[in-house]
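All remarks here apply to the structure that follows.
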Amino acid sequence: MKQVDQGEKPSGDPYQVVLEATDDPLELSLVRRWTAVATICFAANCVTCASSAASAAETQLQSEFGVSEEVAILGISLFVAGLAFGPLVASPVSEMWGRNIVYRTSFITFFAFNFAVAFAPNIAVYLVFRFVTGWCGAAFLSVAGGSVSDLFPKDKVATPVAVYTLSPFLGPEIGPLYSGFVNQHTSWRWTFYVIIIWSFLQIIALYLFVPETYAPTILARKAARLRKITKDDRYFAEAERRSHGFAQALLVSCYKPFELMLYDRIAFLINLWNSLVLGIIYLTFQAFPIIFGDVHGFSLEIVGVCFLGIALGMILALASQPYWNRRARRYRELYGEPPPEASLVMGQVGGVLVALGLYVMAFTTYKSVSAAGPIIGSIPFGAGAFFVFTSSFTYIVSTYRPIAASAMASNTAMRCCFAAGFPLFAGPMYDTLGTVGATALLAGLTTLMAPLPFIFHRYGAQLRERSRFAV
52 MKQVDQGEKP SGDPYQVVLE ATDDPLELSL VRRWTAVATI CFAANCVTCA
102 SSAASAAETQ LQSEFGVSEE VAILGISLFV AGLAFGPLVA SPVSEMWGRN
152 IVYRTSFITF FAFNFAVAFA PNIAVYLVFR FVTGWCGAAF LSVAGGSVSD
202 LFPKDKVATP VAVYTLSPFL GPEIGPLYSG FVNQHTSWRW TFYVIIIWSF
252 LQIIALYLFV PETYAPTILA RKAARLRKIT KDDRYFAEAE RRSHGFAQAL
302 LVSCYKPFEL MLYDRIAFLI NLWNSLVLGI IYLTFQAFPI IFGDVHGFSL
352 EIVGVCFLGI ALGMILALAS QPYWNRRARR YRELYGEPPP EASLVMGQVG
402 GVLVALGLYV MAFTTYKSVS AAGPIIGSIP FGAGAFFVFT SSFTYIVSTY
452 RPIAASAMAS NTAMRCCFAA GFPLFAGPMY DTLGTVGATA LLAGLTTLMA
502 PLPFIFHRYG AQLRERSRFA V
């Protein structure tokens with residue numbers, strides 16, 4: 052794609068259409084751009100909220116369908132498994148036909164199939180459509196970041212990207228908060244009625260407030276419009292002359308993330324670190340009912356409120372974004388464009404906070420200690436998790452710029468596989484080790500991973516030189 056100022060002719064063929072000020076998403080008003088970002092963020096929030104909302108419905112599901120606790124937990128695991136593999140299709144579709152068709156199709160199908168979940172007559176239907184709805188909603192974990200980047204210039208994109216990064220990780224904390232109240236006072240089905248209502252409103256907002264932002268698609272539509280108006284078939288967009296088609300893009304989308312994960316040590320270790328942190332977040336949906344429900348005797352609705360500690364930590368971490376922006380700006384003024392490893396400074400802070408928060412949570416889960424202890428410990432854990440994800444995503448995109456979509460897809464797939472698996476062994480682990488031992492084990496694992504951003508910050512440049520994927 053060639054992006055030029057209004058009125059400038061592209062070099063080469065005069066019939067090649069280019070972005071002008073009236074076409075360019077960067078030229079939209081600041082209010083309209085932030086409205087689009089907010090709409091996308093709420094959509095991502097809705098999808099990931101649906102992933103964890105099922106946790107509070109598990110007891111009623113066991114009773115109504117006569118299934119074990121492990122089977123009921125599959126409602127979370129299968130949804131997150133859908134989130135893992137949905138991006139493999141969503142990403143190439145967005146590159147062929149634009150962002151908006153992916154968003155609208157994704158949310159309309161997400162909305163429709165949640166009816167099957169809410170009105171499920173048996174556990175099989177419930178579980179199958181939990182996977183399907185996760186797969187349908189996955190676009191907002193893969194494509195949406197591209198839209199945010201499309202709407203802001205490079206020197207202004209850090210804050211919008213940080214806001215977007217928060218949204219899918221804040222959603223899982225909101226899920227138990229509302230579903231705890233719902234399942235305490237009414238049927239588990241209302242857990243999903245709420246998601247249906249929310250997603251319906253999101254569909255309206257997506258149509259009203261989110262324009263197409265993908266430049267190749269904008270240019271292709273402009274070329275088609277000019278051909279129709281002028282009756283001159285010579286007008287074209289560069290994207291229309293691509294040699295590869297959807298099938299090839301889909302094939303690359305399916306194998307490239309796993310090739311990267313298997314053969315590149317940087318990608319594998321960063322993905323493993325992120326996966327451990329997200330796995331622990333999803334493990335809390337089984338651990339918190341044990342810590343606050345069984346140990347402290349809290350009701351289901353109050354257990355849901357306890358997730359606000361993690362959410363508060365993430366929001367406080369986002370509030371520090373102006374500091375990180377100033378730090379990056381000062382580096383550019385003094386030394387020029389920073390290397391990818393510069394983004395890992397935030398990850399260094401995050402890795403320490405994640406481990407610290409878990410240690411505080413571990414050693415305050417005794418019944419003799421106030422329940423405020425583990426909630427306070429969850430605040431630095433939430434802040435650290437946000438720093439870990441934000442720094443890792445920035446590092447991945449910068450390190451694997453030519454294949455950034457595949458690199459992020461590999462990260463998403465591995466993260467979501469861990470998030471799907473961790474809730475399944477949470478109960479047995481806490482029963483065997485106790486609340487202190489189990490949480491301390493998680494803290495120990497994150498301690499082992501905490502040096503990773505320090506190592507990559509020091510030796511990342513040498514590792515990138517040896518990688519056949521990194522730049």
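Its first residue numbered 52, the sequence shown is counted upward by one per residue in my numbering. All C-beta atoms, glycine included, are put in the ideal place defined by N, C-alpha and C.
Query: Validate contact between the region 232-250 and the region 260-279 using beta carbons, cut 8 Å, 3 pairs; Result: no
Query: Leucine 79, DSSP secondary structure in three states; Result: coil
Query: Cutoff 6 Å; reference glycine 226; Cβ partners in own chain excluding five residues on either side; Result: Cys100, Ser103, Ala104
Query: For glutamine 67 and glycine 433, the rounded distance between their alpha carbons; Result: 49 Å
Query: Alpha-carbon to alpha-carbon, alanine 209 and asparagine 376; Result: 7 Å
Query: Selection from Ala94, Phe203, Arg285 that minimises the alpha carbon distance to leucine 221; Result: Ala94
Query: Backbone CA spacing between cysteine 467 and arginine 181 [nearest angstrom]; Result: 14 Å
Query: Spatial neighbours of serine 250 in its chain, beta-carbon cut-off 7 Å, leaving aside the 5 residues before and after; Result: Cys97, Phe158, Phe161, Phe162, Asn165
Query: Under 8 Å between C-beta atoms of alanine 107 and glycine 185; Result: no
Query: Beta-carbon contacts of leucine 129 that lie in its chain and below 6 Å, excluding the five residues immediately before and after; Result: Leu178, Arg181, Phe182
Query: Secondary structure, alpha helix (DSSP H): runs of 4+ residues fully inside the region 387-413; Result: 395-413
Query: Separation of arginine 517 from glycine 117, as counted between CA atoms; Result: 55 Å
Query: Proximity below 8 Å, CB of leucine 484 to CB of leucine 492; Result: yes
Query: Close beta carbons around leucine 277, own chain, < 7 Å, minus the five adjacent residues each side; Result: Val68, Tyr286
Query: Rounded C-alpha distance that separates methionine 459 from phenylalanine 438; Result: 17 Å
Query: Closer than 7 Å: alanine 95 CB and nearest the ligand NAP heavy atom; Result: In the structure on display, the ligand NAP does not appear, and there are no ligands present to speak of.
Query: Environment of tyrosine 451 [buried if 16+ CB atoms lie within 10 Å]; Result: buried
Query: Beta-carbon proximity of tryptophan 324 to leucine 134, cut-off 8 Å; Result: no
Query: Cβ contact (3+ pairs, closer than 8 Å) linking the region 496-514 and the region 337-352; Result: no
Query: Unbroken stretches of the alpha helix (DSSP H), 4 residues or longer, contained in the region 89-167; Result: 109-116, 120-136, 138-148
Query: Cβ-Cβ distance between tyrosine 446 and serine 371 below 8 Å; Result: no
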